[in-house]
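*Asks:* Please read through the structure below; I'll follow up with questions.
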Amino acid sequence: MRNISKFREMGLLVFIVILCAFIQFKNPSFLSFENINDLLTNTAILSILAVGMMMVLLTAGIDLSIGSTLALSGMTAALVVSNNPEISPIVAILIGVAVGTVCGFIVGFLVSMFGVFPIIASLGMMNVYRGLTFMSSGGKWVSAHQMPDSFKGIATGSILGINTLIFIAIVIYIIFYYFINYTRTGRQIYAVGSNVASAKISGINTKKTLLLVYTLMGALSGLAGVLWVSKFASAQGDTATGYELSVIAACVLGGVSVAGGYGKVSGLLVGALLLGILNNALPLINVSPFWQNAIQGCIILVAILMNAYVKRRATKENLMRRKI
Amino acid sequence: MENKRIVENTKKFNLKQFFFQWEWMLVGVFIIINIMNSNLSPYYLSFTGIMDASMTFLDKAFMVLPMVFIIILGDIDISIASTTALSAVIMAVTFNMGLPMPLAILLGLTVGAVCGLINGLLIVKFKELPAMIVTLSTMIIFRGIAYIILEDQAAGKFPEWYSYLGWGYVGTVPFMLIAFIVFAILFGLLLHKTTFGRSVYGMGNNITACRYSGIKTDKIKVIVFTLMGFMASVTALFLISRTGSARPNVATGYEMDVIAMVVLGGISTLGGKGRMLGAVISIFIIGLLRYGLGLINVPAQMLMIIIGIILIIAVTIPNINLSSFKKKKIA
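Order-wise, the sequence lines are chains A and B.
For any residue, its number in my numbering is found by taking its place in the first sequence, counting from 1, and adding 175.
For any residue, its number in my numbering is found by taking its place in the second sequence, counting from 1, and adding 19.
Here it is as structure tokens:
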């Protein structure tokens, strides 16, 4: 099984390399430094969210509310910033994260304490958060001229020569790579996802784990919300509508099993990257924007079908080996 | 377990049990909403008023019916709104290319059924993939195809008689409502009075056991998903008759509305539980709530919050009851 999962990631990587070579051949500006920087900046938010979504999917749950959480926390941060321009961007980020954490906590509470199905709980809260986003702004936008430069600087500035968004994404990946793979709580997430009953019997507080996972997801989408608003320099009521599905698609491309218990951070990174490249490269090789949806959907479908097929082959081979 | 159920059935009619059903709670909510609406606006409580109101939300109600089957199976289909968009676009474009309208409608319905068939086949052939994921990708593809066909244009200029579907009346009853009632009765009979329907319930409870007892589980699943696709295109039929034109972005977000209606109707997403009647009542609850609050200019966003909270409360209440009940039993 280990070989196969490696093979899968390698397969995706090879696919990415071939894709890049093809695009580079069609449009030589694709692999220029500026474009790669651009691509990574655009993928940063998606990949931050994907980490949180992976943890949720690992517990066999799903969170559809993140698009709305993102919008709500982004809007809150933008409103605060536009009313108090002297506020430091770090405070703005903290406000966004706090709002997101509360949102995630509520979903997690419903899922873990009341046993509401994740898809339903997050569907309901998705409506609530989206409504709150509209209500808090009174249906208006917070646009670029209302935001101080320091706030817009979050997305355009750079730390150690790397764009802040990319830097934050890298930091998040390092932290969560460590958290998921090397801490006890991180491993417990896998245990809960693989088999709730046996996790409970072996002394894991499954409810607490679930609550934690959704709260972390909320916190990450809060962070992503502030970054999103700063990047596009506008906060709207319908920010990131339907974005949750892109995030889930990135996870699935990265080999995270929606049935829970299986998925790796490295795979996730490849999945998010592939989605980012598709978004960035299709316009570069003059694919009509109207074709992009269908092409993306087909690639996602092929990837998950291939995934299933490869896994099936692997199980079969394992069984054969056992017989001999 | 099975024996016990038979014993229960032969029991005398139990009044308490009869009234202590999810559907009665829904009826209660429905009445409360109607009282509230009529207090809010003096124009609300009239026959024509309610009839007109029903036309504003019935288009997506057609998708609720087969969605009940899918959720009882324990699956989910989130590609339905995209199927609606695709078949609406194909209907409109082929008509504008010179196909007679009845043929265009037939083509649209076929396309919807084929979309559903594709979903069903993929789900049956790749059992390890959850329906959610398969339909997530087909959702993107179907709407993608609609965008390829029509780009950012709109297609329309339908013949005069076609708008009758969405706007017409039979006597004082909207044609749409009659169509919906006919479909609802058909689907209700299919679910509750046929072997097919019983098999669907069985598969929702234990699909492996069903397969071993000789039920053609794959066939049933494919049929259910095909029906879903077909009804999504029926929705398209009424939707574009009302709006008068088709765009690739029609019906965005309908899938969530439909799933919310089904779940509010007491159908468990775990599968195997729930009745058609509950879903039908909850269509009217959500629809009339939206209409009534719209009358007094409650912003649409406030409505989203209210519907979200109702959904959460609706699914939380039975869970609380159940867990405290279980604890008592153990003690």
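From the three backbone atoms N, C-alpha and C, an ideal C-beta is built for every residue, glycine too.
Given the structure is predicted, the values throughout are model-derived calculations rather than measurements.
Let me know if E261 of chain A comes out buried or exposed under the rule of 16 or more other beta-carbons within 10 Å of its beta-carbon.
*Replies:* Taking the first sequence and counting its residues from 1, one reaches residue 261 of chain A at position 86. By the 10 Å Cβ count, E261 of chain A comes out exposed.
*Asks:* How many Å lie between Y546 of chain A and C278 of chain A at the Cα?
*Replies:* Residue 546 of chain A is absent from the structure shown; chain A starts at 176 and stops at 499.
*Asks:* Name the residue from A:G271, A:S207 and A:V286 whose alpha carbon lies nearest to the alpha carbon of A394 of chain A.
*Replies:* Indexing the first sequence from 1 puts residue 394 of chain A at position 219. Closest option to A394 of chain A, Cα to Cα, is A:G271.
*Asks:* Check whether the Cβ atoms of S287 of chain B and L45 of chain B lie closer than 7 Å to each other.
*Replies:* Looking up residue 287 of chain B in the second sequence gives position 268. Looking up residue 45 of chain B in the second sequence gives position 26. It is not a contact, given that the beta carbons lie outside the stated cut-off.
*Asks:* Consider the Cβ of F145 of chain B: report whether some Cβ of chain A lies at a distance smaller than 7 Å.
*Replies:* Here the question's residue 145 of chain B lines up with position 126 in the second sequence. Yes, contact with chain A.
*Asks:* If you measure from the beta carbon of A483 of chain A to each beta carbon in chain B, is any gap under 7 Å?
*Replies:* The count along the first sequence starts at 1 and reaches residue 483 of chain A at position 308. Judged by the 7 Å Cβ criterion, A483 of chain A is in contact with chain B.
*Asks:* What distance in whole Å lies between the Cβ atoms of I343 of chain A and L402 of chain A, which are believed to be in contact at a cut-off of 8 Å?
*Replies:* In the first sequence, residue 402 of chain A corresponds to position 227, counting from 1. In the first sequence, residue 343 of chain A corresponds to position 168, counting from 1. About 7 Å; that satisfies the 8 Å criterion.
*Asks:* Should F208 of chain A go down as buried or exposed, given a rule of 16 or more other Cβ atoms within 10 Å for buried?
*Replies:* Translated into the one-based positions of the first sequence, residue 208 of chain A becomes position 33. That one is exposed.
*Asks:* Looking at the unbroken alpha helix (DSSP H) that takes in P293 of chain A, where does it start and where does it end?
*Replies:* On the first sequence, residue 293 of chain A is found 118 positions in, with the first residue counted as 1. From DSSP, the alpha helix (DSSP H) with P293 of chain A extends over P293 to S312.
*Asks:* Any beta carbon from chain B within less than 7 Å of V427 of chain A's own beta carbon?
*Replies:* Walking along the first sequence from the start, residue 427 of chain A turns up at place 252. V427 of chain A counts as touching chain B.
*Asks:* So, under 8 Å CB-CB, P267 of chain B and A104 of chain B are touching, yes? Tell me the CB distance rounded to an integer number of Å.
*Replies:* For the purposes of this step, residue 267 of chain B is taken as residue 248 along the second sequence, with counting starting at 1. For the purposes of this step, residue 104 of chain B is taken as residue 85 along the second sequence, with counting starting at 1. Confirmed, about 6 Å.
*Asks:* At which residue ranges does the region 317 to 404 of chain A contain complete beta strand (DSSP E) runs of 3 or more residues, listed in the order of the chain?
*Replies:* Entirely contained in the region 317 to 404 of chain A, not one beta strand (DSSP E) run reaches 3 residues.
*Asks:* Suppose you measure from the CA of T490 of chain A to the CA of Y484 of chain A; what does that come to, to the nearest Å?
*Replies:* Residue numbering aside, residue 490 of chain A sits at position 315 when the first sequence is read from its first letter. Residue numbering aside, residue 484 of chain A sits at position 309 when the first sequence is read from its first letter. Their backbone Cα atoms lie some 10 Å apart in a straight line.
*Asks:* Alpha carbon to alpha carbon, what distance is there between G417 of chain A and G361 of chain A?
*Replies:* Within the first sequence, numbered from 1, the residue matching residue 361 of chain A stands at position 186. Within the first sequence, numbered from 1, the residue matching residue 417 of chain A stands at position 242. Their Cα atoms are separated by approximately 28 Å.
*Asks:* Are there 16 or more other CB atoms within 10 angstroms of the CB of I294 of chain A, so buried, or fewer, so exposed?
*Replies:* What you label residue 294 of chain A is simply residue 119 of the first sequence in a count that begins at 1. The residue is buried, with at least 16 neighbouring Cβ atoms inside 10 Å.
*Asks:* Please list, in chain order, all residues of the same chain as S252 of chain B whose beta carbon is under 6 Å from its beta carbon, the five residues on each side excluded.
*Replies:* Counting from 1 along the second sequence, the entry for residue 252 of chain B is found at position 233. Around S252 of chain B: S106, G127, L128 and G131.
*Asks:* Verify the CB distance criterion: does G248 of chain B have a CB-CB separation below 7 Å to chain A?
*Replies:* One-based indexing of the second sequence puts residue 248 of chain B at position 229. No, G248 of chain B does not count as interfacial toward chain A.
*Asks:* Would you mind telling me which residues of chain A sit closer than 7 Å to S352 of chain B, beta carbon to beta carbon, in chain order?
*Replies:* Residue 352 of chain B is absent from the structure shown; chain B starts at 20 and stops at 350.
*Asks:* Less than 7 Å between CB atoms is the rule here; does G163 of chain B satisfy it with respect to chain A?
*Replies:* Taking the first residue of the second sequence as 1, we reach residue 163 of chain B at position 144. Yes, because at least one Cβ of chain A sits closer than 7 Å to the Cβ of G163 of chain B.
*Asks:* List the residues of chain B that S486 of chain A touches, going by C-beta distances under 9 Å, in chain order.
*Replies:* In the first sequence, residue 486 of chain A corresponds to position 311, counting from 1. Ser is not the amino acid found at residue 486 of chain A; the sequence shown has Lys there. What K486 of chain A touches in chain B: E147.
*Asks:* Are there 16 or more other CB atoms within 10 angstroms of the CB of N468 of chain A, so buried, or fewer, so exposed?
*Replies:* In the first sequence, residue 468 of chain A corresponds to position 293, counting from 1. Its Cβ being crowded by 16 or more others within 10 Å, N468 of chain A is buried.
*Asks:* If I measure Cβ to Cβ from G161 of chain B and keep anything under 8 Å in the same chain, skipping five residues before and after, which residues do I get?
*Replies:* The residue given as residue 161 of chain B occupies position 142 in the second sequence. Looking at the sequence shown, residue 161 of chain B is not Gly but Phe. Cβ within range, chain order: S98, S101, T102, A104, L105 and C134.
*Asks:* Taking only beta-carbon atoms, is I295 of chain A less than 7 Å away from chain B?
*Replies:* Translated into positions along the first sequence, residue 295 of chain A becomes position 120. Answer yes: the Cβ-Cβ gap between I295 of chain A and chain B drops below 7 Å somewhere.
*Asks:* With 8 Å as the limit, tell me which residues of the region 447 to 473 of chain A have their beta carbon closer than that to any beta carbon of chain B; keep them in chain order.
*Replies:* Correct list: S463, F465, W466, Q467, N468, A469, I470, Q471, G472 and C473.
*Asks:* For N316 of chain B, count neighbouring Cβ atoms within 10 angstroms of its own Cβ and tell me buried if that reaches 16, exposed if not.
*Replies:* Here residue 316 of chain B refers to the residue found at position 297 of the second sequence. With fewer than 16 Cβ atoms within 10 Å of its Cβ, N316 of chain B is classed as exposed.
*Asks:* Nearest by alpha-carbon distance to A270 of chain B: which of B:A80, B:I69 and B:N56 is it?
*Replies:* Here residue 270 of chain B corresponds to residue number 251 of the second sequence, with the count starting at 1. The residue with the shortest Cα to Cα distance from A270 of chain B is B:A80.
*Asks:* If we call anything under 7 Å between Cβ atoms a contact, is S248 of chain A one with G275 of chain A?
*Replies:* Residue mapping note: residue 248 of chain A aligns to position 73 of the first sequence, counting from 1. Residue mapping note: residue 275 of chain A aligns to position 100 of the first sequence, counting from 1. The answer is yes: Cβ separation under 7 Å.
*Asks:* Just to confirm my understanding: we take F168 of chain A, look at its own chain, exclude 5 residues before and 5 after, and list those with CB closer than 7 Å. What are they?
*Replies:* Here chain A has residues from 176 to 499 only, and residue 168 of chain A is not among them.
*Asks:* Residues of chain A with CB closer than 9 Å to the CB of G327 of chain B, please, in chain order.
*Replies:* The sequence position of residue 327 of chain B within the second sequence is 308, counting from 1. By Cβ distance, chain A contributes L298, G299, M300, M301, N302, V303, Y304, R305 and G306.
*Asks:* Tell me, to the nearest whole angstrom, how far the beta carbon of I95 of chain B is from that of I278 of chain B; I am working on the premise that it is less than 8 Å.
*Replies:* Here residue 95 of chain B is taken as the residue at index 76 of the second sequence, counted from 1. Here residue 278 of chain B is taken as the residue at index 259 of the second sequence, counted from 1. Correct: roughly 7 Å between the Cβ atoms.
*Asks:* Skipping 5 residues on each side, what residues in its chain have a beta carbon closer than 6 Å to that of A333 of chain B?
*Replies:* Counting from 1 along the second sequence, the entry for residue 333 of chain B is found at position 314. Contacts found: L283.
*Asks:* Step through the CB atoms of chain A and report whether any lies within less than 7 Å of the CB of E383 of chain B.
*Replies:* No statement about residue 383 of chain B is possible, as the shown extent of chain B runs from 20 to 350 and does not include it.
*Asks:* Quick one: grab the DSSP three-state call for V485 of chain A.
*Replies:* What you label residue 485 of chain A is simply residue 310 of the first sequence in a count that begins at 1. DSSP places V485 of chain A in helix when its eight states are reduced to three.
*Asks:* Can you tell me whether DSSP reads G291 of chain B as helix, strand or coil?
*Replies:* Start at 1 with the first residue of the second sequence, and residue 291 of chain B comes out as number 272. Residue state, collapsed to three classes: coil.
*Asks:* Run the CB neighbour count on V346 of chain A, radius 10 Å, all protein chains shown included, and call it buried at 16 or more, exposed below.
*Replies:* Walking along the first sequence from the start, residue 346 of chain A turns up at place 171. It counts as exposed.
*Asks:* Give every residue of the same chain whose Cβ lies closer than 6 Å to the Cβ of L187 of chain A, excluding the five residues on either side of it in the sequence, and list them in chain order.
*Replies:* Numbered from 1 along the first sequence, position 12 holds the residue referred to as residue 187 of chain A. Counting only Cβ-Cβ distances below 6 Å, and skipping sequence neighbours, we find V445.
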